[in-house]
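2 protein chains.
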Amino acid sequence: MERVYKLYNIELEEAIGLILNSIEAIEDVEVIDLQDALGRILAEDFYAPVDNPPFDRSPLDGFALRSVDTANASEDKPVKFKVIDRVYAGSPSSKSLGSFEAIRIMTGGKIPAGADCVIRLEDCEVVGDGVIIKNKLEAFQNYCFQGEDIKRGNLLLEKGTKLNAIHLGVLGSMGQARVKAFRKPRVGILVTGDEIIDYTEPLLDGKIYDTNGILLASRLRELGFEVIKIDGQGDCPKAVAQAIKENMDALDLLITTGGVSVGDKDILHEVIDLIGGKRLFWRVRLKPGTPAMYTIFKDKPILSLSGNPFAALATFELLCRPLLAKLSKDTTIKTKRVKAIMLDDFNKKSKNRRFIRCIYKDGRVGLPKGGHSSGMLLSMKDCNALIDIEAGNMGLKKNDIVDVVIL
Amino acid sequence: MERVYKLYNIELEEAIGLILNSIEAIEDVEVIDLQDALGRILAEDFYAPVDNPPFDRSPLDGFALRSVDTANASEDKPVKFKVIDRVYAGSPSSKSLGSFEAIRIMTGGKIPAGADCVIRLEDCEVVGDGVIIKNKLEAFQNYCFQGEDIKRGNLLLEKGTKLNAIHLGVLGSMGQARVKAFRKPRVGILVTGDEIIDYTEPLLDGKIYDTNGILLASRLRELGFEVIKIDGQGDCPKAVAQAIKENMDALDLLITTGGVSVGDKDILHEVIDLIGGKRLFWRVRLKPGTPAMYTIFKDKPILSLSGNPFAALATFELLCRPLLAKLSKDTTIKTKRVKAIMLDDFNKKSKNRRFIRCIYKDGRVGLPKGGHSSGMLLSMKDCNALIDIEAGNMGLKKNDIVDVVIL
Chain A
0 MERVYKLYNI ELEEAIGLIL NSIEAIEDVE VIDLQDALGR ILAEDFYAPV DNPPFDRSPL
60 DGFALRSVDT ANASEDKPVK FKVIDRVYAG SPSSKSLGSF EAIRIMTGGK IPAGADCVIR
120 LEDCEVVGDG VIIKNKLEAF QNYCFQGEDI KRGNLLLEKG TKLNAIHLGV LGSMGQARVK
180 AFRKPRVGIL VTGDEIIDYT EPLLDGKIYD TNGILLASRL RELGFEVIKI DGQGDCPKAV
240 AQAIKENMDA LDLLITTGGV SVGDKDILHE VIDLIGGKRL FWRVRLKPGT PAMYTIFKDK
300 PILSLSGNPF AALATFELLC RPLLAKLSKD TTIKTKRVKA IMLDDFNKKS KNRRFIRCIY
360 KDGRVGLPKG GHSSGMLLSM KDCNALIDIE AGNMGLKKND IVDVVIL
Chain B
0 MERVYKLYNI ELEEAIGLIL NSIEAIEDVE VIDLQDALGR ILAEDFYAPV DNPPFDRSPL
60 DGFALRSVDT ANASEDKPVK FKVIDRVYAG SPSSKSLGSF EAIRIMTGGK IPAGADCVIR
120 LEDCEVVGDG VIIKNKLEAF QNYCFQGEDI KRGNLLLEKG TKLNAIHLGV LGSMGQARVK
180 AFRKPRVGIL VTGDEIIDYT EPLLDGKIYD TNGILLASRL RELGFEVIKI DGQGDCPKAV
240 AQAIKENMDA LDLLITTGGV SVGDKDILHE VIDLIGGKRL FWRVRLKPGT PAMYTIFKDK
300 PILSLSGNPF AALATFELLC RPLLAKLSKD TTIKTKRVKA IMLDDFNKKS KNRRFIRCIY
360 KDGRVGLPKG GHSSGMLLSM KDCNALIDIE AGNMGLKKND IVDVVIL
């Protein structure tokens with residue numbers, strides 16, 4: 000059977016462009032409790048609903064009074080005020096100050112009605128129920144105005160902000176118990192292959208344990224996404240097609256692994272026929288993970304990756320992160336690239352564009368101990384980046400400057 | 000009442016030393032499901048329980064056979080083999096190969112008994128139920144040995160590893176459904192102050208919304224910790240003492256905010272008397288957050304921070320992260336320091352050592368728009384680091400090299 004792929008054997012950048020053109024960001028908005036909002040994407044511009052501080056307050060310990068009553072106060076002509084009340088932070092006075100009256104006030108206390116300044120405790124002399132002042136005070140001396148830090152109505156956080164602890168602190172200080180956030184993408188993972196056994200089961204002869212399911216699910220969780228594991232359907236195209244049909248409505252993206260190459264157990268091609276998916280591309284000009292395939296089904300993306308664990312991981316980083324960044328509006332998870340200096344030689348020729356695992360630190364990259372084969376994951380455990388080697392490269396030397404994709 | 004502090008008005012580094020000397024890492028071990036293990040600290044050296052691959056397998060599509068039977072094969076003298084079975088990945092053959100027999104085998108298929116090599120499909124001629132070979136093959140040509148990637152018994156992950164997606168993939172590939180991890184610290188947060196209103200409540204006259212509770216809880220969650228919010232007890236020393244007594248058994252660390260300065264509403268001193276806590280230090284020579292206090296109660300740490308949000312955050316980063324790193328054995332959350340070049344002037348003199356908020360990027364630091372006052376949190380929203388300014392500094396100039404603490 001002849002299958003039509005819009006594009007076959009394309010460049011990585013073209014594949015990313017096709018992916019980004021085929022999807023829209025999720026616009027659904029959820030109202031969530033502030034304590035659950037860490038890492039979520041704010042769905043509205045947030046304007047301050049109140050002033051902060053919410054009232055005029057004292058910046059220090061002392062006495063609140065009327066500056067006009069101190070106009071003639073001096074060392075030689077001290078003025079006595081009657082102390083009529085005491086104000087703590089959180090406990091304002093119900094009294095209004097009259098002429099030559101003062102109210103004892105603590106840091107953070109609300110300035111009482113009638114007062115327009117505060118004199119520092121150390122600058123006064125307390126005598127019985129009174130206080131003696133020997134300085135002239137200006138209006139609003141030692142006086143914090145309502146809204147001095149944050150003015151009601153000011154734009155505090157922009158739509159699209161990824162909420163961190165500071166943002167939640169600011170929202171809390173504004174009395175926001177809930178916040179509007181974009182719904183997170185729900186990502187399904189479906190691992191194909193008759194040889195795959197879930198790690199909770201005993202290993203049978205000729206089978207291997209599933210690596211990709213837990214690897215990609217954990218990577219998605221690291222990036223902040225919800226993961227729905229769709230139980231493996233082995234190598235039966237009808238069962239896999241049925242599982243996709245049943246689950247796709249609940250998903251924003253499905254990632255499959257395995258079955259995308261050219262052997263007669265490479266069932267994903269038949270699966271896409273069975274569900275009637277629209278193929279956008281198959282095969283990307285890079286190693287590992289060449290057979291990556293991309294399909295739209297029910298207006299949603301299905302990204303099908305190679306079954307080799309390192310290949311699945313590398314193509315997840317290269318193809319899926321830009322996709323997830325657009326879906327979720329979380330720009331922080333876009334693939335990041337830097338230039339770096341090689342600390343080691345890599346003596347292999349690269350007929351095709353190739354991505355190899357490496358350890359990036361402070362502008363330098365080293366290669367891990369252990370193998371680079373696409374089925375080997377263990378040597379990846381110390382790695383945090385991929386070197387992007389162009390097609391036709393004859394090998395990399397120490398001190399070469401290379402392009403690096405940060406994971 | 001005279002209170003005894005072992006140390007008063009000490010340097011930051013001395014405070015950190017006292018904290019680290021006063022606590023032990025949590026040694027409790029939990030057995031957890033692999034899918035819940037992301038970010039946890041591995042509590043044992045993990046040795047491979049099985050080989051990977053778990054059996055001898057074919058690296059390519061072709062025919063498995065006995066190399067000895069090809070000894071005389073050539074273009075001129077082709078040798079015919081009888082094809083007796085077919086092996087897919089995951090479906091091994093139950094047959095044993097005899098002389099001049101071959102078994103069709105796919106990539107990842109288990110090498111059948113009797114075979115010691117694989118010939119590539121493209122190098123054969125398939126005729127009816129047979130296959131014609133024209134090449135001499137070596138023993139173990141195109142042959143992947145059991146344990147080639149991972150040998151059973153090899154040390155794969157060291158005790159103390161913080162488990163990421165790659166580690167979980169490796170553990171999954173070894174058939175580990177569960178993993179031993181150190182218990183995470185449980186951190187309590189107790190916000191004091193009569194002026195504090197929870198952000199879920201209406202704002203009353205003279206009160207302000209709680210910022211520190213949600214700020215520190217979210218910061219702890221960002222760092223991967225479980226947080227237990229202990230409901231605010233206002234400014235009543237007995238109620239706060241009671242809340243600490245009731246909750247301390249369930250906690251590994253308590254963080255309090257507010258009430259640690261010298262005013263008559265600075266109740267934490269009395270609280271520590273009431274619970275009979277052992278004071279280790281009070282007041283650290285830095286701004287903001289000078290009045291930080293540290294107590295041991297029921298052999299567990301209580302870190303008491305200033306109530307000003309920026310002060311609470313800065314001293315959390317400086318004092319609490321080293322504490323949490325030791326408790327949890329998670330070395331990745333230790334405070335990180337770098338040198339950086341100033342992009343702006345900072346014209347204030349610093350009588351005491353001072354930490355100011357800044358934006359760090361690629362070896363450079365800029366200052367945010369907005370205020371640096373310790374009560375102001377908003378201008379922190381674009382910041383990711385603190386500049387450490389030494390006591391007696393007369394102001395920083397553009398292009399100065401400064402010490403920076405990365406958040």
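Chains as they are written, first to last, in numbering that gives the first Met the number 0: chain A, 0 to 406; chain B, 0 to 406. Note that beta-carbon positions come from the ideal geometry of N, C-alpha and C, so glycine has one too.
Using a Cβ cut-off of 8 Å (strictly closer), state whether residue i contacts chain B.
i             : result
residue 262/A : yes
residue 158/A : no
residue 393/A : no
residue 305/A : no
residue 268/A : no
residue 218/A : yes
residue 72/A  : no
residue 249/A : no
residue 313/A : no
residue 202/A : yes
residue 331/A : no
residue 77/A  : no
residue 149/A : yes
residue 21/A  : no
residue 347/A : no
So, is the C-beta of residue i closer than 8 Å to a C-beta in chain A?
i             : result
residue 255/B : no
residue 323/B : no
residue 130/B : no
residue 351/B : no
residue 167/B : yes
residue 276/B : no
residue 210/B : yes
residue 109/B : yes
Return the bridge partner residues of residue i from the DSSP annotation.
i             : result
residue 85/B  : 103/B
residue 29/B  : 180/B
residue 65/A  : Bridge partners of residue 65/A: none, in fact.
residue 164/B : Looking at the DSSP assignment, residue 164/B forms no beta bridge with any residue, so it has no partner.
residue 402/B : 338/B and 387/B
residue 392/A : 349/A
residue 41/A  : 180/A
residue 189/A : 229/A and 255/A
residue 360/B : 363/B
residue 46/B  : 154/B
residue 51/A  : 149/A
residue 195/B : 207/B
residue 355/B : 386/B
The ligand COA and residue i: does any heavy atom of the ligand fall closer than 7 Å to the residue's C-beta?
i             : result
residue 292/A : Absence of the ligand COA is noted for the structure shown, with no ligands found whatsoever.
Assuming residue i and residue j are in contact, meaning their beta carbons sit under 8 Å apart, how far apart are those beta carbons, in whole angstroms?
i             : j             : result
residue 104/A : residue 57/A  : 5 Å
residue 116/B : residue 101/B : Not confirmed; about 11 Å, so no contact.
residue 261/B : residue 303/B : Residue 261/B to residue 303/B, Cβ: 14 Å. No contact.
residue 395/B : residue 388/B : 7 Å
residue 41/A  : residue 160/A : 4 Å
residue 45/B  : residue 68/B  : The pair is not a contact, with the Cβ atoms about 43 Å apart (cut-off 8 Å).
residue 380/A : residue 169/B : 6 Å
Within the stretch 114-155 of chain B, ranges of the beta strand (DSSP E) (whole runs, at least 3 residues):
116-119, 123-126 and 129-132
Mind the definition here: the stretch 192-207 of chain A touches the stretch 52-64 of chain B only if three or more C-beta pairs lie below 8 Å; say whether that holds.
yes
Cβ pair count under 8 Å reaching 3, the stretch 175-191 of chain B against the stretch 248-263 of chain B
yes
Run through the stretch 216-285 of chain B for me and flag every whole alpha helix (DSSP H) of 4 or more residues, listed as ranges in chain order.
236-246 and 267-274
Taking only runs of the beta strand (DSSP E) that begin and end inside the stretch 276-342 of chain B, which ones reach a length of at least 3 residues, in chain order?
277-283, 292-296, 299-304 and 335-341
Contact between the stretch 311-327 of chain B and the stretch 341-352 of chain B: three or more CB pairs below 8 Å?
no
With contact counted as at least three CB pairs below 8 Å, one residue from each stretch, are the stretch 101-109 of chain A and the stretch 82-89 of chain A in contact?
yes
Does the stretch 4-18 of chain B come within contact of the stretch 365-376 of chain A, defined as at least 3 CB pairs closer than 8 Å?
no
Does the pairing of the stretch 358-374 of chain B with the stretch 332-341 of chain B give three or more beta-carbon distances under 8 Å?
yes
Check whether the stretch 117-134 of chain B touches the stretch 165-174 of chain A, counting contact only when three or more Cβ pairs, one atom from each stretch, lie closer than 8 Å.
no
Cβ contact check for the stretch 15-32 of chain B and the stretch 210-224 of chain A: 3 or more pairs under 8 Å:
no
Count the C-beta pairs between the stretch 14-23 of chain A and the stretch 281-297 of chain A that are closer than 8 Å, then say yes if the count reaches three, no if not.
yes
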